Amino acid sequence: MGEFKVHHVRFMSHKPLAIHCMAFEKTSKRLALSRSDGSVEIWSKPDNWLQEKVISVCEERSVEGLVWLDRRLFSVGLDSNVVEYDLATLQIKRQAPSFAGAMWCVTKDEEEHQLAAGTEDGCVVLFDASNDDLQYLRAFDKLEGRILCIAWHAGESVIVTGGPDNIRIWGVKSGHALQRILLGGKDTTVWCLAVTSDLTIISGDSRGKISFWNGKQGTRITHFQSHKADVLTLCVDEEETSVFCSGVDPLVVQYSYMAPSANSGWRSWVRTSCHTYHTHDVRASVVADAHVVTGGMDTNIIVSQTAGGKKRKFTKIPAIPSQSMVSVAKDTGLLLLRHPTFLELWRLGSTKAESDVNGDILPLRTSQLKLLQLQARSGERIACSAISQDGTVVAFSDQEKLRVHKLTLAELKSLTPSVAVARLSLPSKDNIHAAQRLVISPDKHLLVAASSSGSLQIWDISDDTGCRLAHTIPPADSSETCKQSFTNLCVSDNSKFAATSDTDGNVKLYNIKEGEVVCALPTLTQQATALAFTPASRTLLVTYSNHTVYEFDVSKEEYTAWSRDNSHRFPDQWLRQRGCLRGVTSQPADPHRLLLHNEQTIFVINRQLPMPESNYSLLSKGNKGDSPRALIACSKYKFLLHVDCLSEDTLVVVECTPIAIQDSLQQPLQQKKFGT
Numbered sequence: 001m002g003e004f005k006v007h008h009v010r011f012m013s014h015k016p017l018a019i020h021c022m023a024f025e026k027t028s029k030r031l032a033l034s035r036s037d038g039s040v041e042i043w044s045k046p047d048n049w050l051q052e053k054v055i056s057v058c059e060e061r062s063v064e065g066l067v068w069l070d071r072r073l074f075s076v077g078l079d080s081n082v083v084e085y086d087l088a089t090l091q092i093k094r095q096a097p098s099f100a101g102a103m104w105c106v107t108k109d110e111e112e113h114q115l116a117a118g119t120e121d122g123c124v125v126l127f128d129a130s131n132d133d134l135q136y137l138r139a140f141d142k143l144e145g146r147i148l149c150i151a152w153h154a155g156e157s158v159i160v161t162g163g164p165d166n167i168r169i170w171g172v173k174s175g176h177a178l179q180r181i182l183l184g185g186k187d188t189t190v191w192c193l194a195v196t197s198d199l200t201i202i203s204g205d206s207r208g209k210i211s212f213w214n215g216k217q218g219t220r221i222t223h224f225q226s227h228k229a230d231v232l233t234l235c236v237d238e239e240e241t242s243v244f245c246s247g248v249d250p251l252v253v254q255y256s257y258m259a260p261s262a263n264s265g266w267r268s269w270v271r272t273s274c275h276t277y278h279t280h281d282v283r284a285s286v287v288a289d290a291h292v293v294t295g296g297m298d299t300n301i302i303v304s305q306t307a308g309g310k311k312r313k314f315t316k317i318p319a320i321p322s323q324s325m326v327s328v329a330k331d332t333g334l335l336l337l338r339h340p341t342f343l344e345l346w347r348l349g350s351t352k353a354e355s356d357v358n359g360d361i362l363p364l365r366t367s368q369l370k371l372l373q374l375q376a377r378s379g380e381r382i383a384c385s386a387i388s389q390d391g392t393v394v395a396f397s398d399q400e401k402l403r404v405h406k407l408t409l410a411e412l413k414s415l416t417p418s419v420a421v422a423r424l425s426l427p428s429k430d431n432i433h434a435a436q437r438l439v440i441s442p443d444k445h446l447l448v449a450a451s452s453s454g455s456l457q458i459w460d461i462s463d464d465t466g467c468r469l470a471h472t473i474p475p476a477d478s479s480e481t482c483k484q485s486f487t488n489l490c491v492s493d494n495s496k497f498a499a500t501s502d503t504d505g506n507v508k509l510y511n512i513k514e515g516e517v518v519c520a521l522p523t524l525t526q527q528a529t530a531l532a533f534t535p536a537s538r539t540l541l542v543t544y545s546n547h548t549v550y551e552f553d554v555s556k557e558e559y560t561a562w563s564r565d566n567s568h569r570f571p572d573q574w575l576r577q578r579g580c581l582r583g584v585t586s587q588p589a590d591p592h593r594l595l596l597h598n599e600q601t602i603f604v605i606n607r608q609l610p611m612p613e614s615n616y617s618l619l620s621k622g623n624k625g626d627s628p629r630a631l632i633a634c635s636k637y638k639f640l641l642h643v644d645c646l647s648e649d650t651l652v653v654v655e656c657t658p659i660a661i662q663d664s665l666q667q668p669l670q671q672k673k674f675g676t
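Okay, here's the thing in structure tokens:
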């Protein structure tokens, strides 16, 4: 891989949050999920389960239910409002009150015109979401007990709800409860339910039981003691022949509707498989085409096949954000760490020791030190941040406002360095928008902001007293509402060019000195996952969600010869790797070597060597006398939050270990194991 000194950073306190609920949009194949802090994430299934958007509106929010309606995303929570999100600006678009207290669950009708929510007060509330609007419609009869789960059966025009001690069937037209199904046990709570086309109701309760009910007659067909504790979530596949359930006992159990023999015309529900993918409570599950997606308290997303039996394949997606939370001031050896509500500025440790032993740990002459903490506004969350290469300018943005600070660093290498902070003023204009991505140019004269409006705003920050908006580059079609959001932003070393990518797969090149679009790269079917200019600012490196790497010549406005020859020739193991590439750069000492990484592996591509054959093994170590290899993989670190070159022979690797994540979680359900 090359000789590097590595600053192995583990002092960033990254604490992933539990998953509360999920919803899958079948047309665009997007997964929406909420976490315990009220943030909502959008994941793209066609792009190798890429986290493409994060919506963090404010600090004091709870999201208890999500639903897609005609590619529009809605949520309900304990603040008693139905919220619609703007998926371009990543902010709240509109909201409507329930007038019935907190809402625990939400569903939609078959025509995707109305929403129904279950409330704390025990009534179902309908909302009209047609014609790109959201209006309170009416409430059903108020009955005793909160409604914790809900499902809409379109064919019979009924809504099924579950809560403490009962399941109720409601008439949509009348708003009255048509039938009440008692569970036959005291203090039993129905946490989740689903309804099939023939009005079979499937429920999971606090006793760990899965029950199948005849909704027309109100009788129980069969039931199973599937778990040792509460069943919190269940989902049904498209054919309505398989049910997947889990809960406090994290076992994912499958029940199938099948015949005892090939010639039999009689079918029944039977338990067909069970798998342990999670370590903690599973709170959410959805069927996404031929896969089941589950998540919960252990913060991971598990994607498993609906078929496959005991040998079912699955993928574990760790809760590592696709947008890096780390920015590096290369000239001064500083790290800017972005947390949800504050920023930390750290000085890296230093050493004068040398060693010829690979992997040797060198003693520090000066230890790492936290220099500064910048707090976001009360109740707001930080969306993005940036630091200049000399560490004297820090910028960050929440969902509403951009902030820029000048730092005065004194005696940085001493035991007691000092930092003075001065905030730069911004003009109060209506055309100034919050940013989704930020980068400060290497000459520290310009701040480039990919704004929530879809425009690229270039700020002149050379004045110590304030910022001046130098250029605003609008989106290609400013007459229409921006429908995509920015995913990546980078600036060239000569501070002349910038490049962006968005969720529609567009990659654009800008001249930030002149404030104009230079060109757009060819649009591929996959999204770009990382961008970087080479040190001479002559080419742009782009990685995509299918793990391909392209190099674009800035002056010629075309792909380079290396890219035309090799971008489609990566070996099979490279293309099959799990997780998307999250970063790309070229080594300063040897620009022909590219340094890439995903959440678990660092890769080196030597562009001077021919691309290996399709059956090439990335992780083969080889012998000392072997010839150089074009592709090298290092899987020493896990999980990688950031990788960057600090100098020609020095790397910064920011890692959050699985053990650190596990230690931050609550204790799971304790179960006795054989032999203990």
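Residues in the sequence shown are numbered consecutively from 1, following the working numbering. Ideal placement from N, C-alpha and C gives every residue a C-beta, glycine not left out. The structure presented is a predicted model; accordingly, all values stated were derived computationally and were not measured.
If you draw a straight line from the C-alpha of residue i to the C-alpha of residue j, how long is it?
i      : j      : result
Lys624 : Leu651 : Here the model assigns Lys624 a pLDDT of 47, short of 50, so the residue's position is not dependable and the matter cannot be decided.
Glu655 : His547 : 22 angstroms
Ser360 : Tyr550 : A quick correction: the sequence has Asp, not Ser, at residue 360. If you take the alpha carbons of Asp360 and Tyr550, they lie about 35 angstroms apart.
Lys370 : Trp346 : 4 angstroms
Ala410 : Gln666 : 42 angstroms
Asp79  : Pro668 : 28 angstroms
Val448 : Cys519 : 18 angstroms
Ser479 : Ser455 : Bear in mind that the predicted position of Ser479 carries a pLDDT of just 46, short of 50, making it unreliable; the figure below should be weighed with that in mind. Going from the Cα of Ser479 to the Cα of Ser455 covers about 12 angstroms.
Arg94  : Ile301 : 29 angstroms
Leu469 : Asp460 : 6 angstroms
Ser385 : Leu372 : 15 angstroms
Asn214 : Glu120 : 27 angstroms
Leu374 : Leu343 : 5 angstroms
Gln114 : Asn166 : 25 angstroms
Tyr510 : Thr529 : 18 angstroms
Ile19  : Glu514 : 44 angstroms
Val292 : Gln305 : 6 angstroms
Val653 : Cys235 : 40 angstroms
Thr341 : Arg377 : 8 angstroms
From the DSSP output, read off the bridge partner residues of residue i.
i      : result
Ser273 : Gln254
Met103 : Thr119
Val517 : Tyr510
Gln373 : Glu344
Tyr544 : Ala528
Cys149 : Gly162
Met22  : Leu33
Ser647 : Thr650
Decide if residue i is buried, meaning its Cβ has at least 16 other Cβ atoms within 10 Å, or exposed.
i      : result
Trp68  : buried
Pro427 : exposed
Pro610 : exposed
Val162 : Per the sequence shown, residue 162 should be read as Gly rather than Val. That one is buried.
Pro475 : buried
Tyr265 : First, the residue type needs correcting, since residue 265 is Gly and not Tyr in the sequence shown. Gly265 comes out exposed.
Ser563 : buried
Leu90  : buried
Gly583 : buried
Gly65  : buried
His176 : exposed
For residue i, I'd like the list of residues in its chain whose CB is within less than 8 angstroms of its CB, leaving aside the five on either flank, ordered along the chain.
i      : result
Lys29  : Ser44, Lys45, Pro46, Ala288, Asp289
Arg538 : Asp553, Val554, Ser555
Thr676 : Note on Thr676: pLDDT 49, under 50, position unreliable in the model; no value is reported.
Given residue i, which residues of its chain have a CB within under 6 angstroms of its CB, disregarding the five upstream and five downstream residues?
i      : result
Ser157 : Val172
Ser62  : Gly38, Gly77, Leu78
Val253 : Ser226, Cys245, Cys274
Cys123 : Ala100, Ala139, Phe140, Lys142
Ala422 : Lys406
Arg607 : Trp562, His592
Within its chain, find whatever has a CB closer than 7 angstroms to the CB of residue i; leave out the 5 residues flanking it on each side and keep chain order.
i      : result
Ser567 : Thr548, Val549, Tyr550
Ala450 : Ala435, Gln436, Arg437, Leu456, Phe486, Leu489, Thr500
Counting pairs of Cβ atoms below 8 angstroms between the region 274–294 and the region 257–266, do you hit three or more?
Flag = no, the region 274–294 and the region 257–266 do not touch.
Do three or more CB pairs link the region 329–346 to the region 308–320 at distances below 8 angstroms?
Per the Cβ contact rule, the region 329–346 is not in contact with the region 308–320 (fewer than 3 Cβ pairs under 8 angstroms).
Given 8 angstroms, three or more beta-carbon pairs between the region 323–330 and the region 376–389
Yes, the region 323–330 is in contact with the region 376–389.
Check whether the region 516–532 touches the region 495–506, taking contact to mean three or more Cβ pairs, one atom from each stretch, closer than 8 angstroms.
The way I'd put it, the region 516–532 does touch the region 495–506; three or more beta-carbon pairs between them come closer than 8 angstroms.
Please confirm if the region 172–190 is in contact with the region 134–154, defined as three or more CB-CB distances below 8 angstroms between the two stretches.
Counting Cβ pairs under 8 angstroms, three or more are found: they touch.
Check whether the region 585–599 and the region 638–648 touch, using three or more Cβ-Cβ pairs below 8 angstroms as the test.
Judged by pairs of C-beta atoms under 8 angstroms, the region 585–599 touches the region 638–648, as three or more such pairs exist.
Would you check if the region 5–13 and the region 21–35 touch, i.e. whether three or more CB-CB distances between them fall below 8 angstroms?
Too few Cβ pairs lie closer than 8 angstroms, so no.
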